[in-house]
Amino acid sequence: MEGFFSVFTVELLNSGIRLATPILLAALGGALCNQAGVLNLALESKMLLGAFVGILAAYYLGNSYGGLLVAMVAGGLLGLLFAFLYHKYRVDLVILAIAFNLIIVELTVFVMRAMFGNVGTWSDPSIARIPDIEIPFLKDIPFFGPLLSGYNIIVYFSWLATIVMFVVLYKMRSGRHLRAVGENKSAAETVGINAILLQTLALVISGALAALGGAFLSIGHLKLFTRNMSNGRGWIAIAAAMFGVNHPVGVFLASLFFGFADAFSVRIQNVTDLPPNLVKLLPNVATLLVLIIIGLRSKLALSMARRRFRAQLRAEEAALPGESST
Amino acid sequence: MKDGRFRKLLDAILVPLLAVLSGLVLMGILILFLRKPLFESYAVLFANGFGCREYGNCIFITALERATPIILTGLSAVVAFRSGMFSIGQEGQYLLGAAAAAWLGYAIHLPPILHALVIILAAMLVGAGYGWIPGVLKVKLGVNELLATIMLNSIAALIVEYLVQFPMRADTSAVAHSPVIDESAQLMSFLPGSKWGVGFVIAVIAVVVVYYYLWRTKPGYEQRMAGQSRKFALFGGIPSDNSAVRAMLISGALAGLAGAIEVMGVHRRIMTGFSVGLGFDGLTSAILGQVHPIGVFIVAILFSGLKLGAQIGLQLKLDIPRELGGTIIGFIVLFVAAGKFYEQSIVRARAWSTRRQGSNLKGDSG
Amino acid sequence: MKDVPMTPAIEMKGITKYFASTQVRANEHVDFSVESGEVHALVGENGAGKTTLMNILYGLIKPDSGEIFIDSQKVQINHPDDAIRQGIGMVHQHFKLVPSFTVAQNILLGMEPSQAGFLNQQNENKLVDELARKFNLPVDPAARIWDLPVSMQQRVEILKVLERRAKILVLDEPTAVLTPQEVNELITVIRGLSKQGYTIIFITHKLIEVMSVADRVSVMRAGRMIGTKKVSETSIPELARMMVGREVLLRVKKKQVHPGEAVLDVRDISLSDVNGLAAISHVSFQVRKGEIVAIAGVSGNGQTELVEAISGMISLDGGEILFKGKSINEASVRERRELGMAHIPEDRMVVGLNLQTTLDENLIVSKYNRSEFSRYGFLLMQAISQFAEKVVKAFSIAAARPGEGIAMLSGGNLQKVVVGRELSGNPSFIIANQPTRGLDVGSIEFVHKTLVEERDKGAGVLLVSVELDEVMALSDRILVLYRGKIQGELETATATEEEVGILMAGGTLEDLKQYSEDKEQGENREVKS
C-alpha cells in the first residue's frame, strides 16, 4: 500500500482545489437559487455557454480577462432569460432546464462550426491562458503556503464569492429577504418583499457564476473549446449544492470533496490497481445519503407530534381508575 | 360526441404542432444567417432523414432504428410521469441495463433465442431494480425523486464506466470495450447493411403494451389516478404508494430494455462513450409527445429523422453544421414548454375572429 | 371601558359585497363601528360574512359599495399597505412566518434596520425585547419559530403587527389553534393591549370567549349585521339566538322510521392535528340503521378529522370504531368501502372527483376491483360505460356523457356524479360531509331527497353540516361538535334552533335553561305589575 499513500502530496491538493473551482462557482449559484426557492437545473448550460463565449471573447478582444467578463455577462443574460420564461409563462423549471441544456450543448458547437469550419475542437495560439498568480506573503507560509498561492484569479474569485455569498445571505438585508422568499413566499410578499425580483437576481447571478466556471475550463485551463466541454460538471454542481445543504460553507466543502475525488482518481491509477471511477463514486453516494437523511428528518418530525399525542392519551388512560381501554 | 373527441385531439396536438413549426421557422432563420440556400436546405433535410433514395434504400429505415432506444426511454418517462413520479432516471437505468446485457452476452452461453430472451429479461430486471430505489425512497422517506434520480444517474454512469474499463474489458485498446457478445445474443436485423431489426419491433410492441397497460388495466388506472390527484386516490381507496413504486419498476424496466436493445441490436458490446444522452432524448420525446405512448413514438421518429437529416444531409451536402438538428429540437422543447405563449395567442386570435364575425351580424349586442 | 365619549375608531357604512363566482352575497349593507380602545367581538357562523368584512377593512377585497371611516376621516383602502398605513394590523388564521428564522427576524422582516445593508442581530434582539416589554408579551427573540408552540407563534404575529405601528388589531379566529390554557393567556394579552389604548377586533364563533374578553359584540348572519350589544347587557343565549335565529326554509317530508341496530359505533376516539394538539378528543356516538345523525357545528371544530378517521383516510390515535359490530381501526379505505361505507366528501372538486379525467373513470374509483368492472387485471370498458350511462340517467346529470370529461359540469351536476357513484351499490352507511355546499336550490333539494330516501331504505347516514337549516330539516338526531368534543346531543323532533345554536357557540344547555327561566321570570314580573 506504499504506493497508495505516495499520492497524498501537496500537488494532489493543488489539483483538487483547481478541479473543484468550476464546480464551486456553479454550485454557489445553484445554492443561491435553491435558497430563493427556484430550482436551477440549467447550470450545465450556463457553464458551457461561459466556456464558449469566454474563449471567443478572449480571442476577439485579444485579452483573456476580458473574455472572463464577457462570459459572465453572457451567463447572466441566459439566467435572465430563464427567469423571464419562468415567471412570465410559468414554464416548468425542470423542462426549462432540460431545454436550455439541450440547446446550449448543440448551439455552441453549431456556432463554432459555422464560424471556424468543420472542426471538433477550436483553439488559437493567440489566446493567452489565465496565468497563475503567486502571492508574495502567502507562498512563504510553511506548509500552507503552496496550498494558498499559485492559482489563477478565477480560483481566488471563487473563494471570494463563497465568503461574499455567506456574508450577503446571513448578514445582510437582501440576503435575508431572499431566504425568506425561498422558505415562505407568501410571508415575504405580505411584508412587501419583491419575490420575483429576488428570484430573478438569483438566477442572473447563478448564470454569471456558472459561466465563469465554464470559462475557467476553456480559458483558464485547456485553452480550447470542444463539444460538451463541461462534461456533466453542471450536474455535479447541483449535487454539491445539495450536499452542502445550500449553505456557502457547506457548498465550498462539498465542491472540494468532489474536486479531491476527481484529482485522487486520476493519480491513483498510476500507483495502484484501485479503479478511479469507484473513488469518484464516494461524493455521489454521499450526496444521495444526505438526501435520504433530509427526507428521514422531515418524516420523523411529522410523526413526532402524533407520537407525543398518543403517549399523552395513554397516560390519561392509565390515570383513569377502572376504565378499560376499548 | 365524435366531434368532441376530435376537438380534444386537435387541442392536444395544436401546441406541439405550432412549436414544431416555430422550430422549423427558426431553423430557416439560422440557415439564412449562414447564407445557405433556404428551400434546398429544407428539402435536403427531409430527404436525408425521412426519404428513400432508390427502391430499397430508405434512410427512413435508419431513422426508425435510431428512434428505437428513444421510444423505449420515452415510454419509461411516460409511465413514471403519468403516475405522478417526476423521475429523470432513464439515463442511469438505461446504462445499467446495457451493461447487464453486454455482460450476459459473452459471459453465458445459451441457444440462440433463449439467450436473447434471458438477456432481455435480465436487463429489464436490472433496470426495474434501479428504478425501484428512487421509488421506495420517495414513498417511505419522502425523498424528492427528481433529485434522487439525478444522483443515481451519476452513480450508474460511474459504475458502468468502471465495469467497462476493468472487469469487462476485452483488450488493451485505447477505447475500452467489452467483448463482442455471442451471436446467439445478437438481435437480428431485417435488412443487410442496416441495424434496423427486431429491436424496432420490440419498441413498437412496447408502445402498444404501455398504452393498453395505462388505459385498459386496473394497475394502469390506479397509477393514472394517483398521478393526477393523490387526494382523490386516497379518498377512493386506491393504494397510491404501491402504484408509485410499481410505476418506477416498470419505468426502470423499459429504460433497461432500451439499453439491452442498443447493445444487442446495434453495438454488440458496450464501450466507453456508450452513453450519448439517449435517456434525456427519451425524456424530451415524452414531454413533446404530450406524455402519451403514441406521441412518444411519433416524436422519437421525428427527432431521429431530423438529427439524421441534419447529419447526413445538411452537413455532408450543404456543409451546414449538423448540430443545427439538435439545436432546433431543443428549441422545440422550449416552445412546447412555453406553450402558454401559444395558448394566449390562440385565445387572442379566436377572440379577434369572433369579434369580426359579430360585427357582421346586424342587431347583435356587444 | 372608557367613559370619555370617543369618536369611533372605525366606521364601516353600507358595505356590500357579492361574489359572482360562488353566487354568494357575503355582505349586504353592513354597518359596523368600533370605538377606540375597546375590544370588539365580531361573531357569526360560517358564511355569515365576518371574514369578508374584515378582509375588506384590510384591503384584501374591494367592496361593491360602502364607505370606510378611520377616526371620522373617510379613507380608501385598496391594498393591505393602505390598511397598514391607517394603523390597521391583521393577524390571520394561518400565520405568515418563516419557520427557520428567529422571532426577531420574523417580527422585523421587511423593515430591518440596516447599516449599508448590513444587519445587526444583537440590535434586532434588543429592539424586539423592548417591544415585548412595552406590551408585556414576553418572547425570546432568538428562538426559532419551528421550535415554538403555536400560541407563542401567534404572539410573534401580534408583535409583528404592533411593530408596524398598528393601533387597530384584527384577529381572525385567534383561539382556533390554542389550548384552553393558552386561550386564557391570550385573553389576558388582549385585555392588556386594550388598557394601553389599542382597539381590538376579533372574529370568532365562540361565545364563551366573547363574554369573557369583549366590551361589545356585533353579530352577523347570512351577510347582514343583526345587531351590536354591550357584553355587559347581553348573554350567551341571546347572542346564540341572534347568530342562528332564522326561519327554516326547507322541510323535507320524512317517514316515521324506527332505527335498527347500530351500523357505526364510534367509541372514545381521539385524533391529533399536525401540531400535536387534539383535533378530536374522546368522541363517542352511534349511527343506527335507518336514521340520519347530524354532526352540527361551526367548521374547524374537528369535523374534517372526524370524517377522515371514520372513512379510513387517517388512522386513529386512540379509541375504536366498529362497523356492523366489527372493529375497523386497521381497515383501509378500500376495505371500509367494501364493507358498505360510502362517503360524499366536503371538497367535490379536489377529493371527490378527478376533474382531469373522464366521467367513467371517476365513477369507478371505488369499484374498479369488482368482477363486473374488471377481470384478470383488465378493465371491462363496455361494462364501465354502461354503468356510467345508468348513473347519468338515474340521477339526470345534465351534460355528462360516458367517455367524456366532467371538468365543465356545474357544481350541482358534479355533486350528482359524486352522489350517483357513492349511492349506487346500496351502501349501508353514508357519510355526507357538507353535501350541499355551493349548490343551487334545485340541487340542494335533490341531495336532501336522496339522503332521506337512503335512510328510508335502511341505511345509516352521518350528515356533517354547518348549515343549521339542513341539520334541523334532515336529521333524526343532532350531535354538536365543539373543539373536538361532543358538546351536546339533541333529538331533532324536540330541539330548537336556540338549543343547537348555543351548543355550536360553546355554551351549554344549562345556560339556555337559565336564560329561559330568567326570561320567564322577567315576563311574569311584567304581567304582575
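Residue numbers (numbering that gives the first Met the number 0), protein chains in the order written: chain A, 0 to 325; chain B, 0 to 365; chain C, 0 to 528. Beta carbons: idealized from backbone N, C-alpha and C, even for Gly. What you are looking at is a predicted structure, and each value in this text was computed from that prediction instead of being measured.
Chain A places no beta carbon closer than 8 Å to that of Pro173/C, leaving this residue out of the contacts.
If you draw a 10 Å sphere on the C-beta of Pro434/C, you find 16 or more other C-beta atoms in it, and that means buried. As DSSP reads the structure, Ala341/C sits in a beta bridge with Ile429/C. As the crow flies, the alpha-carbon of Val180/A is around 10 Å from that of Gly174/A. The beta carbon of Val142/B is closer than 6 Å to those of Leu136 in its chain, skipping five residues each way along the sequence. With respect to Leu462/C, Ile291/C sits close: the two C-beta atoms are nearer than 8 Å.
For Met241/A, the enclosing alpha helix (DSSP H) begins and ends at Arg232 to Phe242. Apart from sequence neighbours up to five positions away, the residues of its chain that approach Val446/C with a beta-carbon distance below 6 Å are Pro434 and Thr435, ordered along the chain. Look at the stretch 379 to 406 of chain C and you find these whole runs of alpha helix (DSSP H), each 4 residues long or longer: 380 to 393. With a beta-carbon spacing of about 16 Å, Lys194/C and Arg215/C fall beyond the 8 Å limit used to define contacts.
Taking 8 Å as the cut-off, the Cβ atoms of Val230/C and Val243/C do not count as close. Around the beta carbon of Thr283/B, 16 or more other beta carbons sit within 10 angstroms, so the residue counts as buried. In this structure, the alpha-carbon of Leu146/B lies about 12 Å from that of Leu288/A. In chain order, Leu40 and Ala41 place their CB closer than 6 Å to the CB of Ala96/A, counting only its own chain and leaving out the 5 sequence neighbours on each side. Identification of residues in the stretch 273 to 299 of chain A having a C-beta nearer than 7 Å to some C-beta of chain B yields Pro274, Asn276, Leu277, Lys279, Leu280, Asn283, Val284, Thr286, Leu287, Leu290, Ile291, Gly294, Leu295, Ser297 and Lys298, given in sequence order. In the structure shown, Pro238/B adopts coil according to DSSP, grouped into three states. Between Ser86/B and Met224/B, the C-beta gap is not smaller than 8 Å, which leaves the two residues out of contact. The C-beta of Pro135/A has fewer than 16 other C-beta atoms within 10 Å across all chains shown, which makes the residue exposed. The Cβ-Cβ distance between Tyr93/B and Gly255/B falls below 8 Å.
Under the Cβ criterion of 8 Å, Leu352/C is counted among the residues facing chain B. Taken through DSSP and simplified to helix, strand or coil, Asn368/C comes out as coil.
Nearest to Glu260/C by alpha-carbon distance, out of Glu44/C, His78/C and Phe428/C, is Phe428/C.
Taking all protein chains shown into account, Gly191/C has fewer than 16 neighbouring C-beta atoms within 10 Å of its C-beta and is therefore exposed.
Contact annotation for Leu333/B against chain A: Leu84, Val90, Ile94, Leu95, Ala98, Phe99, Leu101 and Ile102 [CB-CB distance below 9 Å, chain order]. The three-state reading of DSSP puts Lys12/C in strand, counting E and B together. In the three-state reduction of the DSSP assignment, Leu168/C falls in the strand class, which pools E and B. Per DSSP, the continuous beta strand (DSSP E) segment holding Thr198/C begins and ends at Thr198 to Thr203.
Checking the DSSP bridge columns, you'll see Gln114/C partnered with Phe117/C. The beta carbons of Gly419/C and Leu438/C sit no closer together than 8 Å. Partner residues in a beta bridge of Gln289/B, as assigned by DSSP, do not exist. Within the same chain, and ignoring the five residues on either side of Val163/A in sequence, no residue has its Cβ closer than 6 Å to its Cβ.
Per DSSP, Gly65/C is one residue of the beta strand (DSSP E) stretching across Ser64 to Ile69.
Contact of Gly191/A with chain C by beta-carbon distance below 8 Å involves Asp80 and Gly109. Taking the Cα of Asp318/B as reference, the smallest distance to any Cα among Leu60/A, Phe115/A, Ile153/A and Ser254/A is reached at Phe115/A.
Taking 9 Å as the cut-off between beta carbons, the residues of the stretch 74 to 95 of chain B near chain A are Phe85 and Ile87, in sequence order. In this structure, Leu305/C sits away from Phe322/C, with a CB-CB distance that is not shorter than 8 Å.
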